[in-house]
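In terms of our numbering, the sequence shown opens at residue 246 and continues consecutively. For glycine and all other residues, C-beta sits at the position ideal for the given N, C-alpha and C. Heads up: the structure comes next, in structure tokens.
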Amino acid sequence: MAARVLAIRLATLLALWVVWEAAARSGLFYEGIIPSSFLVLRSMVKHVADPVFYAHMVRTLYEVVAGFGLGTVIGLAGGIVVGANRFSDEAAAPYLHGLASTPKIVFLPILMLLFGAGPGSKVGMGAFSAFFPVVIAVAAGMSQVSPVHVKVAKGFNASFLQIVRKVYLPSLVAPMITGMRLGLGVAIIGVLLAEIKFSDRGLGHLAIQHYNFFRVADMYAVLLLTFALAVLANALMGRIGKALLRRPVPA
């Protein structure tokens, strides 16, 4: 089974490469729009060997990690508060779902006014993007928390923070991981869009600089390297999620 899945994945990648290379050599597109994959590969090697690329990568990683972490913490706390009772859930749901479906890039000018044009606004964009998947998933997961466990904790005069730590958090691992995986993806998108719009450093800035000077192969190389980093981050999040899910939930 695993061998068949691997074969299908490799065949898919091979087919995509054949289509790309055929399109690049077909002459159907304006010269440079779809460069040869070999030119892109050569550019990827050049970027990986260039220390300047790592300066841009570190800036983007910092903005994504800081924004994702901040958005996750606020989203987790907000989801617990919202989902703790039916009234707050029903009152907040229209606003959360409405804002969640709004393109976050429209809030970039506000974030730039609040935090400036530097990394702060990009961290804010990452946090704002990650917040909504986490808060919605956690709020929905609160409905699955056993009310018996909550009543027992209250019967022992547990404080709200103790209930959160001993009852809510162990029961919210699965929805929290789901929200975090979605949040990580949109946090990366939010940071890259913010860097493309206004930044002096970062992978988004580097990609748009290549675009502005029509260095198309270099642009594709940066985008593919960014995609590879995003895939690695998602895989890491998946491993962390599986490790947390294997931990026993209090009975």
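Unbroken alpha helix (DSSP H) run spanning residue i, endpoints
i           : result
residue 369 : 364-387
residue 246 : Per DSSP, residue 246 belongs to no alpha helix (DSSP H) and is neither H nor E.
residue 287 : 282-293
residue 332 : 331-345
residue 405 : 405-408
residue 321 : 296-328
residue 350 : Counting along the chain, residue 350 falls outside any alpha helix (DSSP H), and DSSP gives it neither H nor E.
residue 400 : 392-400
Length of the line joining the Cα atoms of residue i and residue j
i           : j           : result
residue 384 : residue 392 : 15 Å
residue 319 : residue 380 : 8 Å
residue 419 : residue 273 : 48 Å
residue 247 : residue 481 : 20 Å
residue 496 : residue 374 : Any answer about residue 496 is weak, because its pLDDT of 47 lies below 50 and its placement is not dependable; what the coordinates show is given next. Near 34 Å, if we compare the C-alpha coordinates of residue 374 and residue 496.
residue 270 : residue 451 : 27 Å
residue 252 : residue 355 : 48 Å
residue 309 : residue 429 : 8 Å
residue 341 : residue 414 : 21 Å
residue 390 : residue 408 : 11 Å
residue 260 : residue 349 : 34 Å
residue 421 : residue 444 : 31 Å
residue 362 : residue 427 : 26 Å
residue 404 : residue 324 : 18 Å
residue 462 : residue 275 : 14 Å
residue 338 : residue 315 : 21 Å
Residue from the options with nearest C-alpha to residue i
i           : options               : result
residue 386 : 424, 359 and 315      : 424
residue 490 : 417, 470 and 326      : 417
residue 474 : 434, 266 and 407      : 434
residue 366 : 439, 337, 415 and 268 : 439
residue 311 : 376, 477, 410 and 413 : 376
residue 371 : 327, 295, 358 and 352 : 352
residue 285 : 488, 469, 478 and 487 : 469
residue 378 : 410, 399 and 322      : 322
residue 472 : 267, 437 and 278      : 437
residue 277 : 369, 478, 460 and 486 : 460
8 Å Cβ cutoff, residue i in contact with chain D
i           : result
residue 305 : Among the chains in the structure shown there is no chain D, since it carries only a single protein chain.
Go through the segment 418-472 residue by residue and report every complete run of the alpha helix (DSSP H) that reaches 4 residues or more, in order.
-> 418-442 and 448-457
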